[in-house]
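Asks: Each residue of the sequence shown is one higher than the one before, counting from 89 in my numbering. After the structure tokens below, expect a handful of questions from me.
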Amino acid sequence: MPLRICFLTAEMTPFAKAGGLADVSGALVKYLHAAGHDIRLFMPGHASIKRAELETYPVEFLQDVPLTIGTRAYRFSVQTARVPNTQTFVYLIDCPAMFGGPAIYTADPDEYRRYLLFTHAALQSCQRMGFAPHVLHCNDWHTAIAPLWLKSIYKWDQLFAATKSVFTIHNLGYQGVIGPAAAAEVLGGGGLELLHQDDLRAGRINLLRHGLLYADLLTTVSPTYAREIQTAEYGAGLDDTLRARSGALVGILNGVDYTDWDPRNDAFLPRHFGA
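The structure is reproduced here in structure tokens:
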């Protein structure tokens, strides 16, 4: 059965890449689209994206949209961009106040706010499109709060009534840990009981942990890694939560997109070879 999939990622090849998340995102959107699924991939419109080399179009009804994070007011717009050499389009969330810097990621203290805005913008774009996803697929700490939001801030909207969430762990070491003063931004001023209470008492909010707690399905990059992260040695302080959700945790071995990683025609190899 063809699925409607909303896919949220901080990076995607060939638009913006810092690590393996970009490769997985770029391959999945292409192959799921080719398999007949209606996949709508959202990513931040990073300033580093080379727009002049892309085929982009503004989404007319998603321009200059107001959005509030805590007490701060922002505006975002959405552009569609064709993935080069495919018939697949992605959606770029443009908000220069948040994504106007030269780097994909920063060490700024408000880094978390950029991705709260991005996640809100993606979900609100779905609302304005009338797009009711069967699956909301979130990746790493940047979008880990989305499964909780489906059960809280966006619960009122029947558009998401049948939406199930998948949270994929690519890098457990980065967790989006912020101070408890940000709770009003994370949950819109209410629902503190939904946050991890031991973390709150310890003076922190761990965004990635909430993806582990609230997603309907957890996936990671291999069956071995899925087992390893349930141990204290590899669990990065989250092994207790991962063991508690072990029944929902699946390891899927990352594949390779052979249209990009083929030694017969790889542009980065000085000499080409086949089998």
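C-beta atoms are modelled at their ideal positions from N, C-alpha and C, and glycine is treated no differently. Just so it is clear, the structure is predicted and the values come from calculations on it, not from any experiment.
#1: Going by other Cβ atoms of all chains shown within 10 Å of its Cβ, with 16 needed for buried, is Phe361 buried or exposed?
#2: Please classify Ser113: is it buried, with 16 or more other beta-carbons within 10 angstroms of its beta-carbon, or exposed?
#3: Across the segment 145-156 and the segment 292-309, are there enough close Cβ pairs to call them in contact, namely three or more that are closer than 8 Å?
#4: Check for me: the alpha helix (DSSP H) holding Val117 runs from which residue to which?
#5: My output table needs one value for Tyr262: the three-state DSSP class, helix, strand or coil.
#6: Taking 8 Å as the cut-off, does the segment 131-144 touch the segment 178-186 (at least 3 CB pairs, one atom from each stretch)?
#7: Can you give me the C-alpha to C-alpha distance between Ala303 and Arg331, rounded to a whole angstrom?
#8: Is the beta carbon of Tyr200 sitting closer than 8 Å to the one on Ala270?
#9: Give the range of the beta strand (DSSP E) segment to which Met131 is assigned.
#10: Contact check, Cys214 vs Leu247 under 8 Å by CB: the rounded distance?
#11: Does the segment 276-295 come into contact with the segment 248-262, if we say contact requires no fewer than three beta-carbon pairs (one atom in each stretch) closer than 8 Å?
#12: From Arg92 to Ala220, what distance separates their C-alpha atoms?
#13: Going by Cα to Cα distance, which pick from Tyr322, Leu357, Pro358, Thr308 is closest to Val338?
#14: What are the start and end residues of the beta strand (DSSP E) that includes Phe177?
#15: Quick check: what's the CA-CA separation for Gly291 versus Arg359?
#16: Quick check on Thr347: does DSSP put it in helix, strand or coil?
#17: Mapping DSSP to helix, strand and coil, what is Met217?
#18: Mapping the DSSP letters down to three states, classify Tyr203 as helix, strand or coil.
#19: Measure the beta-carbon distance from Leu155 to Leu205 and round it to whole angstroms, keeping in mind my assumption that it falls under 8 Å.
#20: From the DSSP output, in three-state form, read off Val309 for me.
#21: Using beta-carbon positions only, say whether Leu275 and Pro311 come within less than 8 Å of one another.
#22: Quick one: complete beta strand (DSSP E) runs, 3+ long, within the segment 233-258?
#23: Kindly indicate the opening and closing residues of the alpha helix (DSSP H) around Val274.
#24: With a 10 Å radius around its C-beta and 16 neighbouring C-beta atoms as the bar for buried, classify Tyr145 as buried or exposed.
#25: Would you check if the distance between the CB atom of Ala123 and the CB atom of Asp345 is smaller than 8 Å?
#26: Assign His225 to one of three DSSP states: helix, strand, or coil.
Replies: Reading from the atomic positions:
#1: exposed
#2: Ser113 should be labelled buried.
#3: Result no; under three Cβ-Cβ pairs closer than 8 Å.
#4: 108-122
#5: Under the three-state reduction of DSSP output, Tyr262 falls in the coil class, being neither helix nor strand.
#6: yes
#7: 14 Å
#8: yes
#9: From DSSP, the beta strand (DSSP E) with Met131 extends over 126-132.
#10: 7 Å
#11: no
#12: 7 Å
#13: Thr308
#14: 177-182
#15: 54 Å
#16: coil
#17: helix
#18: helix
#19: Confirmed, about 6 Å.
#20: coil
#21: no
#22: Unbroken beta strand (DSSP E) stretches of 3 residues or longer found wholly inside the segment 233-258: 252-257, given in chain order.
#23: It spans 271-275 - the alpha helix (DSSP H) in which Val274 sits, taken as one unbroken run.
#24: exposed
#25: Cβ distance not < 8 Å, so Ala123 and Asp345 don't count as in contact.
#26: strand
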